[in-house]
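21 is the number of the first residue of the sequence shown in this note's numbering; add one for each residue after it. All C-beta atoms, glycine included, are put in the ideal place defined by N, C-alpha and C. Have a look at the structure below before the remarks.
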Amino acid sequence: MQDLIGYCRKCSQTGESVNIGQAAFETMINLLSNAIFSKDVVDPYANSGKEFKDVVWNVLEESGKPNFADYFPLLKRIDPQGIRRRIGKHFDKLLHQIIKGLVDERLEQRRKSPNGSRTDFLQVMLNTSEEDPQAIDRNHIQHLCLVALNFSTLVKFLICTAD
């Protein structure tokens with residue numbers, strides 16, 4: 021929230037207009053990412069996190085489009101507009117590049133400083149994985165992080181339409 025206030029203050033001092041939609045979107049992403057990864061993934065002052073922001077935006081945009089397959093069940097398997105296919109590509113990128121990178125980064129931090137004390141979602145999952153590797157593995161952790169980013173509705177959509 022401090023970043024949002026600072027961004028608005030900076031814009032007012034320089035006479036720039038504040039893009040409220042963009043600022044709210046970036047703040048929402050950072051609030052979620054802080055709870056999960058203890059890290060801001062989007063910087064309102066720079067282009068950092070652009071890839072993450074773009075993927076999230078594309079998933080939301082695609083999921084909001086009207087889909088003929090929702091009205092004509094025979095079209096579900098065909099996916100005539102390609103919406104399900106595009107959402108799947110965005111999820112793959114989010115899961116296998118971005119979230120995997122964040123998990124890799126945390127594992128590297130843990131190797132360098134094993135006594136680091138973080139109490140976020142990812143830390144709890146990694147601790148659980150260390151205690152019982154059979155119960156939860158890295159793949160599970162990445163998928164749980166994806167769901168924790170509040171994409172559970174879209175994940176359900178992909179799972180339900182995959183048959």
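Item to check | Burial state of SER172, where buried means 16 or more other Cβ atoms lie within 10 Å | outcome: Model confidence at SER172 stands at a pLDDT of 44, short of 50, so the residue's coordinates are unreliable; what they give is reported in the following sentence. By the neighbour-count rule (16 or more Cβ atoms within 10 Å), SER172 is not buried but exposed.
Next on the checklist: Buried or exposed for MET21, going by 16 or more other Cβ atoms inside 10 Å?
Outcome noted: Exposed is the call here.
Item to check | Host alpha helix (DSSP H) of ARG104 (start-end) | outcome: DSSP places ARG104 in the uninterrupted alpha helix (DSSP H) bounded by 103 to 113.
Next on the checklist: By the DSSP assignment, the alpha helix (DSSP H) with TYR27 in it spans what residues?
Outcome noted: Residues 22 to 34.
Checklist entry - Less than 8 Å separating the beta-carbons of GLU71 and ARG106? => result No, the Cβ-Cβ distance between GLU71 and ARG106 is not below 8 Å.
Checklist entry - Rounded to a whole number of angstroms, what is the C-alpha to C-alpha distance between ASN159 and GLN117? => result Straight-line Cα distance between these residues: approximately 13 Å.
Item to check | Continuous alpha helix (DSSP H) stretch holding PHE72: start and end | outcome: Here the alpha helix (DSSP H) through PHE72 covers 70 to 83.
Item to check | Minimum C-alpha distance to ASP63 - residue among ILE25, LEU146, SER37 | outcome: ILE25 is the residue among ILE25, LEU146, SER37 whose C-alpha sits nearest the C-alpha of ASP63.
Item to check | Same chain, Cβ closer than 7 Å to VAL61, neighbours up to 5 away in sequence not counted | outcome: Residues of the same chain with a CB within less than 7 Å of the CB of VAL61, apart from the 5 flanking positions on each side, are ILE49, ASN50, SER53, GLY69, PHE72 in chain order.
Checklist entry - So, GLN162 versus LYS113, is the Cβ gap smaller than 8 Å? => result No, Cβ-Cβ distance for GLN162 and LYS113 is not below 8 Å.
Next on the checklist: Rounded to the nearest angstrom, what separates PRO93 and GLY108 at their Cα positions?
Outcome noted: Distance between the alpha carbons of PRO93 and GLY108: 19 Å.
Checklist entry - With distances taken from CA atoms, which of VAL75, ARG29, LEU115 is nearest LEU164? => result In terms of CA proximity to LEU164, LEU115 leads the group VAL75, ARG29, LEU115.
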